[in-house]
Amino acid sequence: MTRFTIRQDDLTDGAIVALLQAHRRQMQRYSPEQSIHALDEAALFSPSLTFWSARADTLLAGCVALKALSADSGEIKSMKTAEPYLRQGVAQQLLHTAIVEAGRRHYRCVYLETGTHAAFLPAIRLYTRGKFIPCPPFADYVEDQFSAFYQLTLDDQ
């Protein structure tokens, strides 16, 4: 597995924003607009989010965010790998970084929402290998045929 430099990111260079805007456009191929939960540009700057970038030298390889849901839970958001870096371990390293931070924050549970289309199967495999298990909708989500919900109980780690 290739090692990437992973750092907390303040989004100021615009690379993550551009990657996630492209991601939102991609999602329109797989889900109707009301079922797309990828954050829009304004939401990316919410104080409840902490972002990390993975870089190969100065090039953005991927990103992830951890959103605070409550004092003891968080949500993985905005997990995306740039096309040239797919299947090189970027997402696995980013997910690990976010989970370590969740533990540092004393979260008991980390949640995530992802799509159900076949295009999301690599992400679902990553999450289930990481001990995430299916769960009901959480926070403000509702049951939706285009969404799958997962949780990781950190006490089990």
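All residue numbers for the sequence shown refer to full-length UniProt numbering, where the first residue is 1 and numbers rise by one. Cβ coordinates follow ideal geometry from the N, Cα and C atoms, glycine included.
Beta-carbon contacts of residue i that lie in its chain and below 8 Å, excluding the five residues immediately before and after
i, result
"glutamine 157", "Because glutamine 157 carries a pLDDT of 48, less than 50, the predicted location of this residue cannot be relied on, and the following value inherits that uncertainty. Correct list, in chain order: Ile99, Gly103, Lys131."
"aspartate 72", "His106, Tyr107, Arg108, Cys109"
Alpha-carbon spacing of residue i relative to residue j, whole angstroms
i, j, result
"alanine 68", "valine 142", "19 Å"
"proline 137", "aspartate 10", "29 Å"
"threonine 153", "leucine 112", "12 Å"
"phenylalanine 120", "glutamate 33", "17 Å"
"glycine 14", "arginine 129", "31 Å"
"leucine 126", "threonine 114", "12 Å"
"residue 162", "tyrosine 85", "Residue 162 lies beyond the range of the chain shown here (1 to 157); nothing can be said about it."
"aspartate 144", "serine 35", "7 Å"
Cut-off 7 Å between Cβ atoms - residues of its own chain near residue i, not counting five sequence neighbours on either side
i, result
"phenylalanine 4", "Ala54, Arg55, Ala56, Ala61, Val90, Gln93"
"alanine 18", "none"
Same chain, Cβ closer than 6 Å to residue i, five either side skipped, listed in chain order
i, result
"valine 64", "Trp52, Met79, Leu94, Ala98"
"histidine 23", "Ala38, Lys80"
Residue i burial status per 10 Å Cβ neighbour count (16 or more: buried)
i, result
"serine 31", "buried"
"glutamine 151", "buried"
"phenylalanine 149", "buried"
"glutamate 75", "buried"
For residue i, the first and last residue of its enclosing beta strand (DSSP E)
i, result
"residue 167", "Given a span of 1 to 157 for the chain in the structure shown, any question on residue 167 remains unanswerable."
Terminal residues of the alpha helix (DSSP H) in which residue i lies
i, result
"glutamate 101", "90-104"
Below-8 Å beta-carbon distance, residue i vs any chain C residue
i, result
"leucine 44", "Although the question refers to chain C, the structure presented lacks it and comprises just one protein chain."
Open item on the list: Taking contact to mean 3 or more Cβ pairs, one atom from each stretch, closer than 8 Å, check whether the stretch 87-101 and the stretch 50-62 are in contact.
Closed with: yes
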